[in-house]
Amino acid sequence: MLKKNRIAGAFAGLAVAALALTACNSGTPGAEPGATEGAGGAAETPWTVATDVTLEGSPTFDKITSAGVVKVGVKEDQPGLGYLDPVTNTRSGFDVDIARWIAASLGYDEDKIEFQAIASANREQALVNGDIDYYVGTYSITDKRKQQISFAGPYFITGQGLLVAADNDKITGKDALTADDTVCSATGSTSIQRIKEETQAKTKEYDTYSACVEDLKNGQVDAVTTDEAILIGYAAQAPDQLKVVGEPFSEERYGVGIAQGDTAFQTFINTMFTDGGSTWQAIFDKNLGASGVKATQPQVDAAD
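When we follow the working numbering, the leftmost residue of the sequence shown carries the number 62, and every step to the right adds one.
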């Protein structure tokens, strides 16, 4: 469960370059940290790359084995969670490292991962089509989504919040929103649906949260809504312009999106989470620890 300490600049420095995976040591789905360093002095990681991995009855694993690469859907506009540095072209963030950890547990190093940025509205279809093997990117577990896909996890729990202009004293939380306000979020997100159902505010939708944040800075919308873990990152980037207000008004349980019905793959990932508590904590501390946020790893759901 997430506990937040709202201080200016809380997430400063979270969008750091992602650590490279280069070693190929033996491991298991739930391997505890065994930091590795490959040739050339590559940075250490809190996971090891497994060898001789077998997974019976998983179409996803069979597809990965046949292709020789892992195709992973992620976000790339969320500092501290899933971020692509436009200058260095490196990926970083808690979700990105969770995705790397899964790949390593399957036996695949960094150079065998193909990351794909996929908008919120297209995640289910990408999994249904087989365009990606799994998705890790602030993906809330919902019954509606389970009609098309399955989830492993949850691996993180947060709550929906509001981001407003730093000088906005009118909007103090969800209950302060009126029909005069316009709230922006990602198309297809649970956040925008909740605003439509529970407030009178007008809504605006984009493929990315960063587009909403730009509109907020330019005065085109009055608030941006999504999970507080994401919003605090944006506020930290521009503390003179933006602030997070109110208390969380939902519980968002982040899961790993996988093909529907692949129980073997689901169980594999859940076992990795359950047995790899110190690895999870190291990944969290690396990406979000500097924010003052305190979190404990949630218990995974039972397999479908």
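Yeah, the Cβ is synthetic: ideal placement off N, Cα and C, and Gly gets one too.
So, at 7 Å on beta carbons, what are the nonlocal neighbours of Gln-321 in its own chain, with the 5 sequence-adjacent residues on each side left out?
Taking Gln-321 as the centre and dropping the five residues before and after it, the same chain places the C-beta of Gln-209, Ile-210 and Ser-211 closer than 7 Å to its C-beta, in chain order.
How many angstroms separate the CA atom of Asn-183 from the CA atom of Arg-206?
Approximately 12 Å between the Cα atoms of the pair.
Kindly indicate which residue of Gly-214, Lys-132, Tyr-196 and Val-135 has the alpha-carbon position closest to the one of Ala-363.
Taking only the C-alpha atoms, the option nearest Ala-363 is Gly-214.
Which residues share a DSSP beta bridge with Arg-152?
Beta bridge pairing from DSSP links Arg-152 with Leu-145.
Who are the Cβ neighbours of Ile-179 in its own chain at under 6 Å, not counting the five residues just before and after it?
For Ile-179, where only same-chain residues beyond five positions count, the Cβ hits under 6 Å are Gly-134 and Ala-187.
Three-state secondary structure (DSSP) of Lys-205:
Looking at Lys-205 - three-state DSSP - the assignment turns out to be coil, as it is neither helix nor strand.
Whole-angstrom distance between Ala-343 and Glu-105, CA atom to CA atom
CA-CA distance, Glu-105 to Ala-343, rounds to 12 Å.
Whole alpha helix (DSSP H) elements within the region 101 to 129, 4-residue minimum:
Whole alpha helix (DSSP H) segments, 4+ residues: 120 to 128.
DSSP puts Arg-314 in a beta bridge; with which residues?
Beta-bridge pairing links Arg-314 to Ile-218.
Cα-Cα separation, Asn-331 to Asp-241:
Using only the alpha carbons, I get a separation of about 44 Å.
Buried/exposed call for Glu-185, threshold 16 Cβ in 10 Å:
Residue environment analysis places Glu-185 among the buried positions, since at least 16 neighbouring C-beta atoms fall within 10 angstroms of its C-beta.
Of the choices Arg-161, Ile-291 and Lys-124, whose alpha-carbon is the least far from that of Tyr-200?
Ranking Arg-161, Ile-291 and Lys-124 by Cα distance to Tyr-200 puts Ile-291 first.
Evaluate contact between the region 166 to 176 and the region 278 to 291, counting only Cβ atoms and requiring at least three cross-stretch pairs below 8 Å.
Taking 8 Å as the limit for Cβ pairs, the verdict is that the region 278 to 291 does not touch the region 166 to 176.
Using the Cα positions of Val-131 and Val-110, report the straight-line distance between them to the nearest angstrom.
Distance between Val-131 and Val-110, taken at the CA atoms: about 13 Å.
Separation of Leu-349 from Gly-118, as counted between CA atoms:
So the alpha carbons of these two residues sit roughly 35 Å apart.
By Cβ distance, which residues of its chain are closer than 8 Å to Leu-303, with the 5 residues on each side in sequence left out?
Here the set comprises Leu-224, Val-225, Ala-226, Ala-227, Val-274, Leu-277, Lys-278, Tyr-295 and Ala-296.
Same chain only: Cβ atoms within 8 Å of Gln-261, ignoring 5 sequence neighbours per side:
Only Leu-238, Thr-239 and Ala-240 meet the Cβ criterion.
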